[in-house]
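Chemist:
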Amino acid sequence: MPAKIVESNDAPFTTVAVDPVTLDIIENALRNARVEMDATLVRTAMSPGIREQGDAFPLIADPKGRMLVGQFGSFIGGFLEGYDGTVEDGDMFFLSDPYSVEGAISHSNDWLVLLPVFKQGRLIAYTAMFGHQSDIGGKVPGSMPIDARSIFEEGVRIPPVKLYRKGVYNEDLIKLVMHQTRKPDWCIADLNALIASCRVAARRVIEMTDRFGDDLFLSATDELLARNHRAMKQLIASSIGVEPVSFEDYVCDDGLGRGPYKIRCTMWREGDRVVLDFDGTDPQSEASINFYLNENMFKMFFGIYMIMVFDPQILFNDGFYDLIDVRIPEGSLLKPRFPAALSGRTHALGRIFDVLGGLLGQKTPEFLNAAGFSSSPHLFYSGVDGKGEWFQLFQIAFGGIPGRPLGDGPDGHSLWPGFTNVPNEFLERYFPLVIERYETEADSGGAGLHRGGNGIHMTYRFLEPGFIAIHDDRWFVPPWGVNGGEPGARARKILERADGTKEVIGNKVENVRVEAGDQLHYITWGGGGWGDPLDRDPDLVAKEVRQGLVTIDGAQRYGVVVNGSHLADADGTQHLRKKLREQRSGPLPVFNFGPDIPTLRRNSLAETGLAPPQQPNWQSTAGVLVETRPA
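In short: position in the sequence shown from 1, add 163, done, that's the working numbering.
Listed below in structure tokens is the structure:
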């Protein structure tokens, strides 16, 4: 039974004409309100993931639940369909269970606050914000166990409940939730920050309606949605063909020794609509790498990618959703059956963007990006310090951004808009560790006319005994290059003990004991390269050698000879490039995936120091998760 909207004033809104200047003012006011939501959040949250890195996502929607500004697309339609209750003036909703909102939030660490905005008894908007909580209980610190077999092992699950009911705060509910977490001080501060962010946006919406009138404001938002629809309709017609094209990429492993896991998507156009079909994607995992991909979220991913490639001035909103048909097989890695574990979904989430790039670039290779989003590397470090106090770190690292049509990929950065690193000074002030090294990993970016961004080499020296966990990917299947560019280097993790012994450890490991003085070398992947490396400016390659981004040996991947003064040797470079071109057997491929999977399996131990993942037992996987989803 869908939610019931309770309004004391049910007078209908009237559609009125909106002049272009007013429409532009309202559009920018909405953009600014979204920015203010972020600013409010990061200035009032406490956890490093939100306060320092900005791991949170805002939303302002119209009364029908359609996103006007935001990032992940609107979940409100699914929420209203599934919530068996009322939506009234003074209510505020709180939830974290992905299965309650059809995957609009994709794991239980993401706490979401939703505020219906009423004015004089009429619903005029929704504001929402969700952010990643550093700990919500469960079997491991950080609440993201790699070996979880169900979502019940991943901490507290919050169904849609009223945080405020007609303006009255549900204090007992919050006491219950905070009782589950190892970091209640962070969680309550972060929750209050989410609430404040939603209230700020609600005030801005009220101010806009007071200035322009309710009818004109809502007519303007309708036009913003319609304008987006018209723009996306043209982009789809010009960029998507009627003949199906397919692309596939892989999540390297599940942390339990199995993999890789294939994500496959086929795309074609039917009239004005584009179809994106994930048939051929591997079945769900027994472990926590499943990604419950909400269809509307993927529509927004698709729309953002199209807009950023072809026309960045278009406002992101939900106006184009009816132009996209997303089909995801039930029981697959991207639509697992309840109660599949979901906490490690970031690897598949990252791979979705690489798959999108591979799909959309096949018709127009000149617009292709190489692979490089690839993952969202996490580090967890926890224990009890010498004062007997609990410490717990959750940090998101960055990898290399792919080479692009217009230039090199940035070194060691995030493709998530607005994400930033945790400053090393912050880490050393609040946690018992020292950052011994923080620099890009030379030669890790794929060679190309436009170089893939280098990954990061970050070395942590631990000052207290404790346990670490690592969640990363792209250690087995490398980020691919395009238009003749080479793949980026794969991720590596090396644990150096205080006595000098070194051990290569996996990229998905849990409960690794560390002692004071141990060091972790945390090395992320590089982005794939774009274009023929032999066309890159030799002086630029030599400059990057001087900067430490490329080594002298690595310069030879570009056919560049660097002399003792770290300058390009013109004669040596000309001779080497002629030799390398003569060795080519044919035209350069549009996609360079590196070695195939069987070759990667054969060479994995020698090249990475790790045994290759084994093919999952799909029969076993399908038989484990047989519980029925609650009504």
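Where is the CB? At the ideal position from N, CA and C, for every residue including glycine.
Name the one or two DSSP bridge partners that C428 has.
Modeler: As a first step, residue 428 is located in the sequence shown; it is residue number 265 there, counting from the start. C428 is bridged to F410.
Chemist: Going by DSSP, which residues form a beta bridge with S140?
Modeler: Outside the modelled stretch of the chain, which goes from 164 to 794, sits residue 140, for which no answer is possible.
Chemist: Assign M471 to buried or exposed, taking buried as 16 or more other Cβ atoms, counted over all protein chains shown, within 10 Å of its Cβ.
Modeler: Numbered from its first residue, the sequence shown carries residue 471 at position 308. Under this definition M471 is an exposed residue.
Chemist: Could you check what DSSP says for E659 in three-state terms: helix, strand or coil?
Modeler: Reading the sequence shown from its first residue, position 496 is the one you call residue 659. Reduced to three states, the DSSP call for E659 is strand.
Chemist: Does the distance from the C-beta atom of G521 to that of W693 stay below 8 Å?
Modeler: The residue labelled residue 521 in the question sits at position 358 within the sequence shown. The residue labelled residue 693 in the question sits at position 530 within the sequence shown. No, these two residues do not count as a Cβ contact at 8 Å.
Chemist: Under 8 Å, do S545 and P183 count as touching if we go by C-beta distance?
Modeler: Here residue 545 is taken as the residue at index 382 of the sequence shown, counted from 1. Here residue 183 is taken as the residue at index 20 of the sequence shown, counted from 1. Cβ distance not < 8 Å, so S545 and P183 don't count as in contact.
Chemist: Can you give the Cα-Cα distance for A196 and R206, rounded to whole angstroms?
Modeler: Stepping through the sequence shown from its first residue, residue 196 is reached at position 33. Stepping through the sequence shown from its first residue, residue 206 is reached at position 43. Approximately 15 Å between the Cα atoms of the pair.
Chemist: Excluding sequence positions up to five away, which residues of its chain have a Cβ less than 7 Å from the Cβ of N391?
Modeler: For the purposes of this step, residue 391 is identified with residue 228 of the sequence shown, where counting begins at 1. Contacts found: I477, L478, N480, G482, F483.
Chemist: Between the Cα of N670 and those of I619, I657, A661, I358, spot the shortest distance and give me the residue it belongs to.
Modeler: The residue given as residue 670 occupies position 507 in the sequence shown. Nearest option by C-alpha distance: I657.
Chemist: Are A632 and N584 closer than 8 Å when you measure CB to CB?
Modeler: Along the sequence shown, one-based indexing puts residue 632 at 469. Along the sequence shown, one-based indexing puts residue 584 at 421. No, these two residues do not count as a Cβ contact at 8 Å.
Chemist: Answer with buried or exposed for D173, where buried requires no fewer than 16 other C-beta atoms within 10 angstroms of its C-beta.
Modeler: For the purposes of this step, residue 173 is taken as residue 10 along the sequence shown, with counting starting at 1. Flag for D173 reads exposed.
Chemist: Could you give the DSSP three-state label for T714: helix, strand or coil?
Modeler: Here residue 714 refers to the residue found at position 551 when the sequence shown is read from its first residue. If DSSP states are grouped into helix, strand and coil, T714 belongs with coil.
Chemist: Measure the alpha-carbon distance for D442 versus R427 and round it to whole angstroms.
Modeler: The residue labelled residue 442 in the question sits at position 279 within the sequence shown. The residue labelled residue 427 in the question sits at position 264 within the sequence shown. About 7 Å.
Chemist: With a threshold of 8 Å, are at least 3 pairs of Cβ atoms found where one atom belongs to the segment 596-614 and the other to the segment 739-748?
Modeler: With the cut-off at 8 Å, the segment 596-614 and the segment 739-748 do not touch.
Chemist: When you compare only the Cα positions, how much space is there between M230 and R508?
Modeler: For the purposes of this step, residue 230 is taken as residue 67 along the sequence shown, with counting starting at 1. For the purposes of this step, residue 508 is taken as residue 345 along the sequence shown, with counting starting at 1. For M230 and R508, the distance between alpha carbons rounds to 24 Å.
Chemist: What is the DSSP secondary structure of V319, reduced to helix, strand or coil?
Modeler: Position 156 of the sequence shown holds residue 319. Here V319 sits in coil by DSSP.
Chemist: Between I619, F461, M292, I467, which has its C-alpha nearest I358's C-alpha?
Modeler: For the purposes of this step, residue 358 is taken as the residue at position 195 of the sequence shown. Selected option, being the one with the closest Cα: M292.
Chemist: Along the alpha helix (DSSP H) that carries K396, what are the first and last residues, could you check?
Modeler: Residue numbering aside, residue 396 sits at position 233 when the sequence shown is read from its first letter. 377-402 is the extent of the alpha helix (DSSP H) around K396.
Chemist: Just to confirm my understanding: we take R676, look at its own chain, exclude 5 residues before and 5 after, and list those with CB closer than 7 Å. What are they?
Modeler: Mapped onto the sequence shown, residue 676 falls at position 513. Correct list, in chain order: F630.
Chemist: Among R312, V264, L387, K227, which residue has its Cα nearest to the Cα of T185?
Modeler: Translated into positions along the sequence shown, residue 185 becomes position 22. If we check each option's Cα against that of T185, L387 comes out closest.
Chemist: With distance defined between alpha-carbon atoms, name the residue in F464, I351, R285 nearest to G236.
Modeler: Along the sequence shown, read from residue 1 onward, the residue named residue 236 stands at position 73. Residue F464 is the option with its Cα nearest to G236.
Chemist: Run through the DSSP bridge pairs and tell me what T249 is partnered with.
Modeler: Position 86 of the sequence shown holds residue 249. Answer by DSSP bridge pairing, in chain order: K167.
Chemist: Assuming Y246 and A166 make a contact with CB atoms under 8 Å, what is their CB distance in whole Å?
Modeler: Locating residue 246 in the sequence shown gives position 83, counting from the first residue. Locating residue 166 in the sequence shown gives position 3, counting from the first residue. Sure, about 4 Å apart at Cβ, within 8 Å.
Chemist: Let's test the definition: count the other Cβ atoms within 10 Å of the Cβ of Q447 and tell me whether it reaches 16, buried, or not, exposed.
Modeler: For the purposes of this step, residue 447 is taken as residue 284 along the sequence shown, with counting starting at 1. Answer is buried; the Cβ neighbour count reaches 16.
Chemist: Comparing the C-beta of V667 with each C-beta of chain D, is any distance below 8 Å?
Modeler: Considering every chain present, this structure includes no chain D. It has just one protein chain.
Chemist: With burial defined as no fewer than 16 other Cβ atoms inside 10 Å of the residue's Cβ, what is the status of V704: buried or exposed?
Modeler: Translated into positions along the sequence shown, residue 704 becomes position 541. The residue in question, V704, is buried, as its Cβ has 16 or more Cβ neighbours within 10 Å.
Chemist: I need the straight-line Cα distance from G284 to P221, nearest angstrom please.
Modeler: For this step, residue 284 is matched to residue 121 along the sequence shown. For this step, residue 221 is matched to residue 58 along the sequence shown. Looking at the two C-alpha atoms, the distance is approximately 25 Å.
Chemist: If we call anything under 8 Å between Cβ atoms a contact, is V276 one with G241?
Modeler: Looking up residue 276 in the sequence shown gives position 113. Looking up residue 241 in the sequence shown gives position 78. Not closer than 8 Å, so no.
Chemist: Which residues in the same chain as P308 place their Cβ atom closer than 8 Å to its Cβ, once the five residues preceding and following it in sequence are excluded?
Modeler: For the purposes of this step, residue 308 is identified with residue 145 of the sequence shown, where counting begins at 1. These residues qualify, in order along the chain: G301, K302, E316, E317, S451, A504, S506, E673.
Chemist: Below 8 Å CB to CB, which residues in the same chain sit around Y685 once its five sequence neighbours on both sides are set aside?
Modeler: The residue you call residue 685 lines up with position 522 of the sequence shown. For Y685, where only same-chain residues beyond five positions count, the Cβ hits under 8 Å are P540, L542, A560, I619, H620, M621, T622, Y623, I633, K656.
Chemist: What is the rounded straight-line gap between the Cα of T429 and the Cα of A400?
Modeler: As a position in the sequence shown, residue 429 is number 266, starting the count at 1. As a position in the sequence shown, residue 400 is number 237, starting the count at 1. Going by the C-alpha atoms only, they are around 17 Å apart.
Chemist: Is it the case that the Cβ atoms of V645 and L531 are separated by a distance below 8 Å?
Modeler: The residue you call residue 645 lines up with position 482 of the sequence shown. The residue you call residue 531 lines up with position 368 of the sequence shown. Yes. Within cutoff.
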